[in-house]
Amino acid sequence: MNDALYDLDQFFTDPKFVLVFTIIFLTALLSFVVRRVFSRFEKQTKKTANLWDDAFVAAAKKPSSWLVWIVGITWAIQIMAESTGSDLEKLIHPLRFIAVVSLLGFFLTKFITEIELASIALGGDVTTANAAGKLLRISVTITVILSVLQTLGFSISGVLAFGGVGGIAVGFAAKDLLANFFGGLMIYMDRPFSVGDWVRSPDREIEGTVEKIGWRLTSIRTFDQRPLYIPNSVFANIALENPSRMTNRRIFERIGVRYDDAETLPLIIDQVREMLVTHDD
């Protein structure tokens with residue numbers, strides 16, 4: 046019993062372990078301070094009209110706190126590994142790098158999403174904002190994955206070469222999926238319609254309001270409130286009308302008139318012509 050108490054006393058009085066506990070305590074304290082600081086920044090940025098500072102603070106609030114914990118915990122583990130002679134010390138640097146890179150990727154994707162939502166809220170084009178946001182998020186994700194693979198010891202050139210050969214095989218196996226992907230890309234580039242537009246096709250039974258333009262499917266809500274999901278590749282092979290972009294509208298209407306009311310027709314026609322002349326629309 047005395048030996049156990051002595052070992053426990055040695056454990057808590059060892060300078061290395063005291064340093065570890067100090068680091069963990071300071072890490073928790075600094076993480077709390079960082080969260081409070083960003084909460085105050087968040088209140089201040091909401092008072093400004095600049096959307097960039099709002100997006101930056103919203104995107105960096107959680108990652109900044111996590112970054113403090115990553116640095117603190119890995120530092121504490123490194124000190125313990127050095128004192129015990131564990132092989133874990135060799136893994137600290139790559140694991141820390143992977144965690145920081147992943148955290149940076151999370152921050153960038155969140156920042157891009159916040160900018161996308163803010164631009165839409167300010168009246169920006171929904172289709173353009175969605176397309177730019179998706180492309181940027183894909184680029185960030187690919188960059189993070191390649192950086193992590195390189196840190197783990199994989200050859201990037203080998204991965205890219207394998208991806209080129211594998212891409213051919215995947216292309217044959219998923220040609221419909223790729224056709225829909227590039228169809229969605231062409232919709233974003235050509236912009237024949239946007240979210241909220243009323244579209245219809247004389248070639249297919251397609252008519253309704255565009256709700257969402259995805260990379261594979263476009264969602265349209267018909268006038269009887271049925272959801273209609275159309276593969277993007279379909280739009281490359283059909284004619285499409287966009288009545289929402291009409292500058293003028295012509296309406297044909299048949300109006301029945303009794304023979305007894307024939308005498309009033311000239312007066313009605315004159316009043317209609319006068320209305321058309323006095324209304325610029």
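FYI, in the numbering used here the residues of the sequence shown are 46 to 326.
Every residue gets a Cβ at the ideal spot worked out from N, C-alpha and C, and that includes glycine.
Predicted model only: the values in this text are computed from it and were never measured.
Distance from the CA atom of V244 to the CA atom of I251, rounded to whole angstroms, is 8 Å. Taking C-alpha positions only, I283 is separated from Y274 by approximately 15 Å. In the three-state scheme derived from DSSP, where H, G and I count as helix and E and B as strand, P247 is classed as coil. The criterion of a C-beta distance shorter than 8 Å is satisfied by L96 and L167.
With at least 16 other beta carbons inside 10 angstroms of its own, P108 counts as buried.
Here V193 has I143, V146, S147 as same chain residues with Cβ atoms under 8 Å from its own Cβ, once five neighbours each way along the sequence are excluded.
Per DSSP, the unbroken alpha helix (DSSP H) holding S84 starts and ends at 60–90. Taking G117 as the centre and dropping the five residues before and after it, the same chain places the C-beta of I68, T72 closer than 6 Å to its C-beta, in chain order. Under the DSSP assignment, R318 falls in the alpha helix (DSSP H) whose first and last residues are 310–323.
The shortest C-alpha to C-alpha distance from Q123 to any of I313, E298, K91, F66 is the one to F66. 8 Å or more divides the Cβ of G150 from the Cβ of T93. In its chain, beyond the 5 residues on either side, G228 have a beta carbon closer than 6 Å to the beta carbon of A281. In this structure, I258 sits near V240, with a CB-CB distance shorter than 8 Å. When only Cα atoms are considered, E256 and S184 end up about 25 Å apart. DSSP, reduced to helix, strand and coil, places V185 within a helical segment of the structure shown. Around the beta-carbon of F70, fewer than 16 other beta-carbon atoms lie within 10 Å, marking it exposed. CA-CA distance, R261 to V302, rounds to 52 Å. Under the DSSP assignment, R266 falls in the beta strand (DSSP E) whose first and last residues are 262–266. When D98, E298, V63 are compared, the shortest CA-CA separation from A121 is found for V63. Counting of Cβ neighbours within 10 angstroms places K155 among the buried residues, the total reaching 16 or more. Per DSSP, I296 lies in no beta strand (DSSP E) segment and is marked neither H nor E. Boundaries of the beta strand (DSSP E) around I275: 272–276.
As DSSP reads the structure, K257 sits in a beta bridge with S264.
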